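Undergrad: If you're matching positions, the sequence shown starts at 1 in the UniProt record's numbering and goes up one per residue. Virtual Cβ for every residue (Gly too), placed ideally from N, Cα, C. Computed from a predicted model, the values in this text were never measured in an experiment. This is the structure I have questions about; it appears just below.
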Amino acid sequence: MENLQILLRQHVGKPCAPVVKKGDKVRRGTLIAEPTGLGANIFSSADGVVEDVLEDRIIIKPDEEQSEDYEKIPEGTPLEMVKAAGVVGMGGAGFPTGIKLDTHFDGDGYILVNASECEPGLAHNIEQLDREPEKVIKGIKYAMEISGADKAIIAIKKKHHDTIVKLDELLADEPAISRHLLPDIYPMGEERAVVRECLGIELEPSQLPSAAKAVVINSETCARVAEAIDERKPSFLKNLTVRGKLNGGHDAHVFVDVPVGTSVGSLIERAGGIDGDYGEIIMGGAFTGRACTVDEPICKNTGAILVSMPFMDLHGANLGILVCACGGNLERMRDLAKKYNAKEVSLCYCKQAQEQPNGSRKCERPGNCPGQVANNLQFKKDKCEYIIIGNCSDCSNTVMASGPKMGLKVLHMTDHVMRAVDHPLYRTLRVSKHVDQDLNVVDNVENN
């Protein structure tokens, strides 16, 4: 078993402070770092010895033999146990769950469970719902109890028919928990999109779900909440998807309960290894993930490792960049432009990508596009041959409505990944933006 590199920042907030030193013996579940502000406890994910304590990580050399047992967190109230276990949002953001649930709805609020598998090509959330739906539902009930919410809604894409059928059978005995079917478009799963789809409330970019009397929590996070309370289990394991240009094909490899700190490279090898030349390795989703190396470790909020197809060489062609809040930021888009060997000559932002006080951007209405004609005209004026876009399904559709007619060749920031996972490219919208809540109703295809 390789050394584990456990990062001291695996969550929204400040890095944690180590509470172990080099040479210390640790077990699975040993507390090794504590928050210094906003954050969550971090634990050893293996039996072994602390080999080093660095500025940003703790390195653990695992014992040759690993036990199935772990150090248990102290007993306490459900909220105290969730905080003690270091549970964070496992859908990507990594916000400390104990802080998120520490609200007081007083019987008038919602737990919105995000089982949408928002990023294309991922499969671990749905596999967990297939394997252990009872644990997820138990975690939902605990989240309701802690927050004072009287209702819960599981948001899941309608395409997962078999999973939904099984889920409906279990929910028949749970009057306070329902499910809401989502369309198979990106970014269904973005927090405010989940609120809008489930509750019909359109939040401003600066608003949190609490403004709609709701807490949004990932389905895997719900299961970890149940483990913390029922099993007194710290959070040191992660479910994730490994997929892409791998030996054996493009199907998803779902790995369950992977020790935090495991290297990207070892998981790729478990999935069959990389098949020849490739473009890049992405940690996270194709839209919002980042390029990484095989030596980097996974964290509590790592959702996927994706190996892309090689990049097409544009031989220095003039390129325009269209930044959308739903996809990569400007730094990521410029990195992709370099990997395509293109010359950036124009830069535009989707007009719904509103800049926030911290410099980031949020979409005004996730998944609903106002049109991109003005940006395409600017690209044409700036003599772009190609444009690379980071837009959602609907915005990509509106780019395609006018861009090619102007002679612009459109690339999407996810193309090299979508080809590697055998997923349709993001261009023209070919599925419905709205789905009937009756699972047996076939939805009309929209192209708007």
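Please look up how many angstroms separate the CB atoms of Met-283 and Thr-302, rounded, as I've assumed it's under 8 Å.
TA: At roughly 6 Å, the Cβ-Cβ gap stays under 8 Å, so Met-283 and Thr-302 are in contact.
Undergrad: Between the C-alpha atoms of Asp-251 and Gly-244, what's the straight-line distance to the nearest angstrom?
TA: So the two alpha carbons sit approximately 8 Å from each other.
Undergrad: Report the start-end ranges of each alpha helix (DSSP H) in the region 51 to 124 that is 4 residues or longer and not cut off at the edges.
TA: Counting whole runs of 4 or more residues, the region 51 to 124 contains the alpha helix (DSSP H) stretches 78 to 84, 97 to 100.
Undergrad: So with Cβ pairs under 8 Å, would you call Glu-220 a contact of chain C?
TA: The displayed structure is made up of one protein chain only, and chain C is not part of it.
Undergrad: Label Asp-173 either buried or exposed according to how many other C-beta atoms from any shown protein chain fall within 10 Å of its C-beta, with 16 as the threshold for buried.
TA: Counting Cβ neighbours within 10 Å, Asp-173 comes out exposed, since fewer than 16 surround it.
Undergrad: So, at 7 Å on beta carbons, what are the nonlocal neighbours of residue 527 in its own chain, with the 5 sequence-adjacent residues on each side left out?
TA: Because the chain here runs from 1 to 448, residue 527 falls outside it and cannot be looked at.
Undergrad: Quick check on the burial criterion: 16 or more other C-beta atoms within 10 angstroms. Buried or exposed for Ser-235?
TA: Buried: at least 16 other Cβ atoms inside 10 Å.
Undergrad: For Asn-239, which three-state DSSP category applies?
TA: Here Asn-239 sits in strand by DSSP.
Undergrad: Just to confirm the assignment, what range does the beta strand (DSSP E) spanning Asn-218 have?
TA: Counting along the chain, the beta strand (DSSP E) containing Asn-218 begins and ends at 214 to 218.
Undergrad: Rounded to whole angstroms, what's the CA-CA distance from Val-195 to Arg-179? Just pull it up for me.
TA: Roughly 13 Å separates the two Cα atoms.
Undergrad: Check Val-264 in the structure and name its three-state DSSP category.
TA: In this structure, Val-264 counts as helix in the three-state DSSP scheme.
Undergrad: For Asp-257, name the three-state secondary structure that DSSP assigns.
TA: Of the three classes helix, strand and coil, the one that applies to Asp-257 here is strand, per DSSP.
Undergrad: Who are the Cβ neighbours of Val-50 in its own chain at under 7 Å, not counting the five residues just before and after it?
TA: Correct list, in chain order: Val-20, Lys-21, Lys-22, Gly-23, Asp-24, Val-26, Ile-58, Ile-60.
Undergrad: Assuming Ala-143 contacts Ile-111 under a Cβ cut-off of 8 Å, what Cβ separation, rounded to an integer in Å, is found between them?
TA: About 5 Å separates the two Cβ atoms, so the contact holds.
Undergrad: Below 8 Å CB to CB, which residues in the same chain sit around Lys-339 once its five sequence neighbours on both sides are set aside?
TA: Only Gly-279, Glu-280, Phe-311 meet the Cβ criterion.
Undergrad: Using a Cβ-Cβ cut-off of 8 Å (strictly less than) and excluding sequence neighbours within five positions of Val-323, which residues of its own chain qualify?
TA: Here the set comprises Asn-329, Leu-330, Met-333, Leu-347, Cys-348, Tyr-349, Cys-350, Ala-353, Arg-361, Gly-390.
Undergrad: Taking all protein chains shown into account, decide if Lys-166 is buried (16 or more other Cβ within 10 angstroms of its Cβ) or exposed.
TA: By the neighbour-count rule (16 or more Cβ atoms within 10 Å), Lys-166 is not buried but exposed.
Undergrad: Where do the ends of the alpha helix (DSSP H) carrying residue 528 lie?
TA: Beyond the ends of the chain as shown, which are 1 and 448, falls residue 528; an answer cannot be given.
Undergrad: Please name the residue, chosen from Pro-366, Ile-6, Ile-321, Gln-356, that lies closest to Lys-380 on a Cα-to-Cα basis.
TA: For Lys-380, the nearest C-alpha among the options comes from Ile-321.
Undergrad: So the candidates are Phe-287, Ala-291, Thr-398, Arg-131; which of them puts its Cα closest to the Cα of Val-264?
TA: Nearest of Phe-287, Ala-291, Thr-398, Arg-131 to Val-264, Cα basis: Ala-291.
Undergrad: Output needed for Asn-375: all residues of its chain with C-beta closer than 7 Å, excluding positions within five of it in sequence on either side, in chain order.
TA: Result list for Asn-375: Leu-322, Cys-348, in chain order.
Undergrad: Ignore the nearest five residues each way along the sequence and tell me which others in Gly-261's own chain have a CB closer than 6 Å to its CB.
TA: Result list for Gly-261: Leu-4, Gln-5, Ile-6, Ser-45, Pro-297, in chain order.
Undergrad: Tell me where the alpha helix (DSSP H) around Arg-419 begins and ends.
TA: Segment 415 to 420, the alpha helix (DSSP H) holding Arg-419.
Undergrad: Closest to Gly-92 by C-alpha separation, out of Glu-231, Leu-208, Asn-218, Thr-163, would be which residue?
TA: When only C-alpha atoms are compared, the closest one is Asn-218.
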